[in-house]
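See structure below.
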Amino acid sequence: MPVEVVTRQWPSGALGRGKRVNIVLPAGYAARGPGHPVLYLLHGYGGGRDTWLLRTALVELVRDSRLIVVLPESGRRWFINDHAGLRYEDYLLQDLVPAVDAGFNTRAERSARAVGGFSMGGAAALFLALRHPSVFGAVASHAGAFEAPLRRGDPYAAHRADPGFVMPTEESHGRVWGPPGSATRRRYDPYRLIGREPAPRPALYLDVGTGDYDRMIQVNRRVRDALRNGGWSPEYHERPGGHDLDFVNRALPASLAFVARHLTGARKNGVSFV
49 MPVEVVTRQW PSGALGRGKR VNIVLPAGYA ARGPGHPVLY LLHGYGGGRD
99 TWLLRTALVE LVRDSRLIVV LPESGRRWFI NDHAGLRYED YLLQDLVPAV
149 DAGFNTRAER SARAVGGFSM GGAAALFLAL RHPSVFGAVA SHAGAFEAPL
199 RRGDPYAAHR ADPGFVMPTE ESHGRVWGPP GSATRRRYDP YRLIGREPAP
249 RPALYLDVGT GDYDRMIQVN RRVRDALRNG GWSPEYHERP GGHDLDFVNR
299 ALPASLAFVA RHLTGARKNG VSFV
């Protein structure tokens, strides 16, 4: 059987409207029998539910696994409950996860559920897992923008002339996070979340490209160090590549392998992502 990609639209009480989501079902998906583990994979700033399908080898990589991958979208908003009142965190936790578990043959428990993403999505994945440790058993972040809640001004001003540059402006950033010191910024401060020592602790995978923006590399190193100082053991890598989906595509086999190792029932005998 081939991999199947299905699109569903479910109502969201948190957002007050229906939201579409893409769901990747592996070739061996079975509607009955043992439930499948699930990875919620979040796009970067400005992306959508098709980004992972069009720009990475995700479909081919999960073909022979048992892993269902859910691809929601938030566009230029984060998967948080933001300063403007958009409740994307509540959407994912209260609306989407229950809808996926009800609509597909999942193993609906923490040990079989992971969240991951790139840049904006990678940071949100960590925030969500630290805030809801009973929901997600593993996290996979590529070039996570973890210090977005701490950002002041426009640290990427020097790159604005690049037509391919995609990072929120100071104005766009403020719409999501509010002014410095806002309740939203405090709520998702990565170092405050790490310091809360959530239990049970999810397994953590982080990577970043050696050719990424210097700020992004330093942010990932600081979060890695904070985790290690707090007694965590994150799997951390710096790989060749920039802040783009080409880097993510090359790193994706490793992060999927990590997720599969830490989720119940994700791997078939003899199947490897790398």
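Numbering (my numbering), first residue to last: 49 to 322.
Every residue gets a Cβ at the ideal spot worked out from N, C-alpha and C, and that includes glycine.
Tell whether a beta-carbon distance below 8 angstroms holds between residue i and residue j.
i, j, result
"H91", "G169", "yes"
"A173", "V187", "yes"
"V296", "T55", "no"
"Y88", "V163", "yes"
"R158", "V118", "no"
"P203", "R244", "no"
By the 10 Å Cβ neighbour count, where 16 or more other Cβ atoms means buried, how is residue i classified, buried or exposed?
i, result
"V219", "It is worth fixing the name first, because residue 219 is Glu in this sequence and not Val. Classification for E219: exposed."
"A308", "buried"
"S60", "buried"
"A132", "exposed"
"A251", "buried"
"P227", "exposed"
"A79", "exposed"
Spatial neighbours of residue i within its chain, please: CB distance less than 7 angstroms, with the 5 preceding and 5 following residues excluded, ordered by chain position.
i, result
"F213", "H207"
"E137", "F127, I128, N129 and L176"
"G201", "E218"
"A75", "M49, P50, V51, R111 and D112"
Which residues in the same chain as residue i place their Cβ atom closer than 6 angstroms to its Cβ, once the five residues preceding and following it in sequence are excluded?
i, result
"L140", "F127"
"I265", "V256"
"E121", "G96 and R97"
"Y253", "A188, E283, S303 and F306"
Leaving out five residues on either side along the sequence, give the residues of the same chain with a beta carbon under 8 angstroms from the beta carbon of residue i.
i, result
"V53", "N70, I71, V72, L73, L101 and V107"
"G313", "P82, G83, H84, P85, R114, R155 and A160"
Where are the beta strand (DSSP E) runs, 3 residues long or more, that stay fully inside the stretch 86-139, in chain order?
-> 86-90 and 116-119
Practice item. Pair every Cβ in the stretch 141-149 with every Cβ in the stretch 237-252, then say whether three or more of these pairs are closer than 8 angstroms. Key: no
Tell me the start and end of each unbroken beta strand (DSSP E) in the stretch 216-271 that is at least 3 residues and wholly inside, in chain order.
251-257
I'd like the ranges of any beta strand (DSSP E) spanning at least 3 consecutive residues and lying wholly in the stretch 136-210. 161-166 and 186-190
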